[in-house]
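In order, the protein sequence lines correspond to chains F and Y.
Take the first sequence: its letters are residues 1 to 284, numbered as in the working numbering.
Take the second sequence: its letters are residues 1 to 334, numbered as in the working numbering.
Notes follow the structure.
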Amino acid sequence: MTSSAPTPGVAATAPGVGVPNLLGPSFDESAPLRPPAGPRRPAVRIENVQKRFGRGPLVLDGIDLDIAPGEFVCLLGASGCGKSTLLNLIAGLDRPTTGIIETPAEGSAVMFQESALMPWLSARRNVELALRLRGVPRRERREKALELLDTVNLADAAEKRPHELSGGMRQRVALARALAQDRPVLLMDEPFAALDAITRDLLHEELERVWRATGRTIVFVTHNVREAARLGQRVVLLSSRPGRVVDEWRIAHTVGRRIESPEVAALSVEITDQLRKEIRRNAA
Amino acid sequence: MPHDTDAPIRSLRDDHSDGTHTLPERVSPRVSRSEKPDAAPPASARSEDLRSLEAGLDRLQTDEEHRPSRWRAFWTSVVPPVLFVVLLVVAWQLYVVIADPRPDRAPSPADVFLALADAWQTGRLQEAVATSLERGVVGFLIAIAIGTPLGLLLAEVRPLRRAVGPIISGLQVLPSVAWVPAAIIWFGLSDATVYFVILMGAIPSIVNGLIAGVDQVPPQLRRVGTVLGASRIQLATAVILPAALPGYLAGLKQGWAFSWRSLMAAEIIATGGSIGFGLGSMLQQSRELADLAGVLATILLILFIGILIELLFFGPLERRMLRRRGLLLSGGAR
């Protein structure tokens with residue numbers, strides 16, 4: 001595999017791929033089809049964005065990134081690469097120093113490393129809070145919340161409070177809450193970093209399922225190379241101090257990947273090499 | 001479901017159908033799903049597989065919360081203090097019997113009990129408890145009504161807090177009994193004096209408790225509120241106030257303690273006029289009669305009321321809140 005190659009080896013041997021030209025943002029056969037005509041507007045457009053805090057050093061430098069609707073993008077980088085900062089900028093929690101960020105008018109849903117559920121509300125009421133703040137009428141909220149909790153397979157735990165749930169369950173409630181916002185873009189800031197490996201593995205599968213089912217655009221920040229290779233349709237590697245886009249991989253064949261799949265491992269090796277090269281540059 | 005997904009090429013067909021068929025019906029029309037209808041079973045099987053897998057893991061990672069049984073709760077929380085008090089009284093009685101001190105300096109527990117019974121019979125006890133409790137509760141409620149909005153305002157409006165905050169903290173340290181002379185000059189020997197002293201004792205505590213509670217709201221929750229699209233008012237009512245409840249409750253508890261204390265002090269100092277007969281007045285009266293048994297009886301009564309209010313009101317309220325938030329040590333999820 002070479003970096004930035006649009007079609008890594010695995011997909012090239014795929015039988016029965018008859019529609020590569022029709023494909024939209026993603027590069028496997030199950031992805032959403034490209035709409036009939038015209039170039040697509042990206043869901044998120046980042047143009048030459050710089051960010052510094054106060055008089056501090058440059059955190060992000062000259063970031064250019066277009067994210068297509070329905071795309072699953074992983075932002076990957078070592079500590080201090082400003083990936084969380086970039087996510088906050090996209091979320092509108094912060095403003096870039098220079099440059100333009102275009103996001104859908106509806107805004108984005110955000111999920112954090114901590115589930116950040118309201119500890120005094122049950123799982124269902126937490127989801128209902130998002131619905132309420134979105135303006136969903138009171139009588140529809142309950143049913144809708146239960147439906148969303150069922151999507152993340154938590155219908156049975158609807159009346160439990162966050163402290164009664166395990167870390168993985170809490171993150172699933174947070175995912176249901178993010179889905180309740182019903183925004184086209186879902187931003188995730190290392191949402192599985194604090195979970196044990198078994199749970200994380202399951203949540204990868206869960207997230208992939210939800211992504212395919214809902215067609216959301218997902219921007220997923222992580223420092224875990226394998227996670228990025230496992231989940232992303234596109235992996236964007238950022239350098240540290242300042243954060244710049246160093247490299248990018250597009251994964252043609254995203255269906256049926258698992259953390260232990262050889263193609264994920266191969267890609268991880270490649271990305272890790274590049275990442276280490278970037279980290280080493282900081283030593284000099 | 002196909003377990004051989006590790007072999008990329010072989011699994012491609014199955015995978016392909018997986019991706020297209022795991023979709024729940026109600027969502028996303030955006031993904032093409034009709035390409036390989038014959039491959040549906042493995043797909044749904046896979047979805048079911050994930051479900052049962054998750055359910056299993058969820059079960060493994062959570063414990064049923066088991067609250068201690070009533071008998072055990074009685075044994076661990078009621079018996080020890082009661083036993084201690086009984087021991088204390090026994091030691092006291094033994095001392096009186098063995099050392100035989102002057103009865104006007106060291107009355108026996110029996111004397112104190114007789115003094116209580118006597119006060120009950122003449123009706124002084126009931127009157128004093130009723131008067132003091134009524135004043136304490138009413139004064140405390142007024143303090144809540146004033147302190148809560150004041151606290152919210154100070155917690156959320158920075159400039160105001162910078163200006164007023166230190167003074168409120170200072171007032172909390174100032175013993176509110178110090179206000180008694182001033183209050184007597186302003187309001188005379190009336191109920192207004194007593195209420196004024198209660199308010200000066202309770203309001204700073206309530207305000208400070210609420211400010212501390214708001215300060216301790218995790219910034220993450222505020223951010224989530226903002227991300228969820230809450231307006232400023234929605235943020236305050238749906239996120240910040242409930243999140244600040246533990247600190248607020250602690251402030252209320254302290255506010256009650258302060259108002260009860262300052263009430264007693266005010267009643268001891270200011271007697272006569274239109275001020276009614278409260279527990280403080282009863283204490284003062286016994287002192288004037290050099291009736292130590294009566295003094296001790298009244299002290300015990302004041303103490304007992306304080307404990308009772310903590311046990312019946314604040315204790316359960318606090319425990320309930322902490323349990324709902326999982327801050328009480330007992331079982332729960334890991």
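Positions of the beta carbon are idealized from the N, C-alpha and C atoms, including for glycine.
Predicted model, so just to flag it, every value in this text is computed and none were measured.
Contact check between the region 49-69 of chain F and the region 170-183 of chain F: fewer than three CB pairs, one atom from each, fall below 8 Å, which does not count as touching. If you draw a straight line from the Cα of R158(Y) to the Cα of S176(Y), it comes to about 27 Å.
Between the alpha carbons of R212(F) and A244(Y) lies a gap of roughly 39 Å. Listed in chain order, the alpha helix (DSSP H) runs fully inside the region 73-128 of chain F are 83-91, counting runs of at least 4 residues. At the C-beta level, F277(Y) and T131(Y) come within 8 Å of one another. Rounded to whole angstroms, the gap between the alpha carbons of L114(Y) and A158(F) is 58 Å. For the alpha helix (DSSP H) assignment, the uninterrupted runs of no fewer than 4 residues enclosed by the region 133-202 of chain F are, from N- to C-terminal side, 138-151 and 167-180. Taken through DSSP and simplified to helix, strand or coil, R41(F) comes out as coil. Judged by DSSP secondary structure, R250(F) falls outside any alpha helix (DSSP H) and instead within the beta strand (DSSP E) spanning V245 to R250. Put simply, of A91(Y), A230(Y), L210(Y) and V89(Y) the residue whose alpha carbon is nearest the alpha carbon of I144(Y) is L210(Y). One thing to note: G136(Y) has its Cβ no nearer than 8 Å to the Cβ of L311(Y).
DSSP lists L58(F) as the beta-bridge partner residues of R52(F).
Within the region 191-216 of chain F, the residues whose Cβ lies closer than 8 Å to any Cβ of chain Y are, in chain order, I198, T199, L202, E205, E206, R209, R212, A213, T214 and G215.
For G168(F), the closest of V59(F), L195(F), A78(F) and I279(F) by C-alpha to C-alpha distance is L195(F). For the pair V245(F) and R223(Y), the Cα-to-Cα distance works out to about 27 Å. Taking a beta-carbon distance threshold of 8 Å, R161(F) counts as an interface residue toward chain Y. By the rule that beta-carbons nearer than 8 Å mark a contact, V269(F) does not touch chain Y. As the crow flies, the alpha-carbon of I142(Y) is around 51 Å from that of A55(Y). Contact between L117(F) and A176(F) does not hold, since their C-beta atoms are separated by about 10 Å, which reaches or exceeds 8 Å. Its chain contains I67, A68, P69, G70, E71, T103, P104, P184, V185 and T217 as the residues whose beta carbon lies nearer than 8 Å to that of A43(F), once the 5 sequence neighbours on both sides are disregarded; these appear in chain order.
Taking the beta carbon of Q216(Y) as reference, no residue of chain F falls within 9 Å; the closest one sits roughly 12 Å away. Not flagged as an interface residue toward chain F: L296(Y), since no C-beta distance is shorter than 8 Å. Contact holds between the region 126-140 of chain F and the region 226-236 of chain Y, because three or more Cβ pairs, one in each stretch, are under 8 Å apart. Using a Cβ-Cβ cut-off of 7 Å, V110(F) is close to V227 of chain Y, given in chain order. Considering only beta carbons, the part of the region 46-66 of chain Y lying closer than 8 Å to chain F consists of S47, L50, R51, L53, E54, A55, L57, D58, Q61, T62 and E65, in chain order.
Nearest C-alpha to A78(F) among L148(F), R250(F) and N224(F): N224(F). Annotation: P107(Y) to F84(Y) spans about 20 Å, alpha carbon to alpha carbon.
Contact between C74(F) and V236(F) holds, with the beta-carbon distance rounding to 7 Å and staying under 8 Å. With a 10 Å radius around the Cβ and a threshold of 16 neighbouring Cβ atoms, R162(Y) comes out exposed.
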